[in-house]
Amino acid sequence: MNELFPATQNPWREGATPGGSSGGSAAAVAAGLCTIAFGDDMGGSIRIPSSCCGIAGLRPTQGLVPVELPDPVGLSCRGPLARAVADLRLALAVMTGQEPPAAGEPRGLRVAVVRASPVASDPACEAARERAERALEVAGHTLHEVAWDPMPVARAYQTVRPASVATMPGEPADYGEAAGQLIAAGRRLGVREYLEALRSGLDAARPLHRALEDHDAILTPTLGRLPMPIAEVPPFLGEAWCAYTQFVLPVSFAGLPAVSVPAGLAGGLPVGVQLVGRPLGERPLLDLAEQLERAEGFGFQRPPGWD
């Protein structure tokens, strides 16, 4: 939402957040207003709205797709949002100037699964992950549980994120209350504090790389809770936001490719699961995501009233 125009509505429920910051892109795709849209993902801004709106969204490997806007933090990544994983594959080919690779049928992969986190998440999100586990096992893959502590990364991100907008021209108040607070926080940030937070976040994300040394992918819920009422979206700089985004933030610091796959509905609202791949491993990652998308209960469903 923003203070200049009305808040973007989730096509699944008026008054519910479509996620962000690419919430308009995700809502338009889910409603059928366009086939593909694009977003910039620094802390989950492709994967969050994709999960909230029940579509697929890809954050590519850091640096794979050129980013024209200045990014002093170095975490931002541009990627596509679509109703089908196959369209993500086509969009990524256009964005990288490469021929779209033919889809493959993955077999016998080792998938690391995050089944427990020190931060509580919505049972509906965990149930979606459990259903994804069963679907992957039916497809012939083996699953292994891995440890996951997202909060050091989440706390580091809350320090690093304001630095990315600190150099915006003008005064913080020119950008409205929410954005202005973020810009002001970035301008108060000292160099040492920024570097320490960045180093802390990068260090805390290393377990993902270690998990992928002997696994082909990592499976998590995309978010820690279902799409909430717009009025209840937690403040960006707070523990509640960290809990909400606990599964997407570590991937950003790790620079890894990740895709959110629609995993059905809970209480009439979309829920998603996240698959994380190895660096530059978009092809096998999308193959696995497309395989999961075909499983019963997964894949895009059209919101009521948007036929």
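In our numbering, each residue's number is its place in the sequence shown (first place is 1) plus 9.
Heads up, the beta-carbon is just placed ideally off N, CA and C, and yes, glycines get one too.
Check whether the Cβ atoms of residue i and residue j sit closer than 8 Å, and answer yes or no.
i, j, result
"Leu274", "Val280", "yes"
"Met51", "Leu101", "no"
"Ala272", "Ala141", "yes"
"Arg68", "Cys43", "no"
"Val94", "Glu291", "no"
"Ala40", "Pro312", "yes"
"Val38", "Ala112", "no"
"Arg234", "Asp131", "yes"
"Gly72", "Gln310", "no"
What is the DSSP secondary structure of residue i, reduced to helix, strand or coil?
i, result
"Ile227", "strand"
"Gln283", "strand"
"His153", "strand"
"Pro216", "helix"
"Pro58", "helix"
"Val94", "helix"
"Gly33", "helix"
"Pro266", "coil"
"Pro271", "strand"
"Val122", "strand"
"Ile45", "strand"
"Leu278", "strand"
"Pro15", "coil"
Pick out whichever of the options has its Cα sitting closest to the Cα of residue i.
i, options, result
"Trp315", "Leu13, Ala16, Pro15 and Pro20", "Pro20"
"Ala16", "Val82, Pro293, Glu241 and Gly277", "Glu241"
"His150", "Arg138, Gly88 and Leu297", "Leu297"
"Pro127", "Ser34, Gly24 and Pro159", "Pro159"
"Val169", "Gln107, Asp131, Leu258 and Pro110", "Leu258"
"Gly189", "Ala172, Glu77, Gly88 and Val74", "Ala172"
"Leu278", "Glu154, Thr254, Ala133 and Glu139", "Ala133"
"Leu232", "Phe14, Gly33, Ser54 and Ala36", "Ser54"
- [ ] State whether the region 111-128 contacts the region 302-316, with contact taken as three or more CB pairs (one from each stretch) at a distance under 8 Å.
- [x] They do not touch, by the three-pair rule.
- [ ] May I ask you to verify whether the region 215-230 touches the region 282-299, counting CB pairs closer than 8 Å and requiring at least 3?
- [x] The region 215-230 makes contact with the region 282-299: 3 or more CB pairs, one atom from each, lie closer than 8 Å.
Open item on the list: Between the region 162-182 and the region 198-215, can you find at least three pairs of beta-carbon atoms closer than 8 Å?
Closed with: Contact holds: three or more Cβ-Cβ distances are below 8 Å.
Open item on the list: Using a Cβ distance threshold of 8 Å, determine whether the region 257-271 contacts the region 175-185, with at least three qualifying pairs required.
Closed with: By the C-beta criterion, the region 257-271 is judged not to be in contact with the region 175-185, since fewer than 3 inter-stretch pairs fall below 8 Å.
TODO: Go through the region 168-212 residue by residue and report every complete run of the alpha helix (DSSP H) that reaches 4 residues or more, in order.
DONE: Restricting attention to alpha helix (DSSP H) runs no shorter than 4 residues, the region 168-212 encloses them at 186-197, ordered along the chain.
Open item on the list: Across the region 22-29 and the region 40-47, are there enough close Cβ pairs to call them in contact, namely three or more that are closer than 8 Å?
Closed with: Put simply, the region 22-29 does not touch the region 40-47. Fewer than three CB pairs are less than 8 Å apart.
Task: Meets three-Cβ-pair contact criterion under 8 Å: the region 195-207 and the region 242-254 - done: Because the criterion of three Cβ pairs below 8 Å is not met, the region 195-207 and the region 242-254 do not touch.
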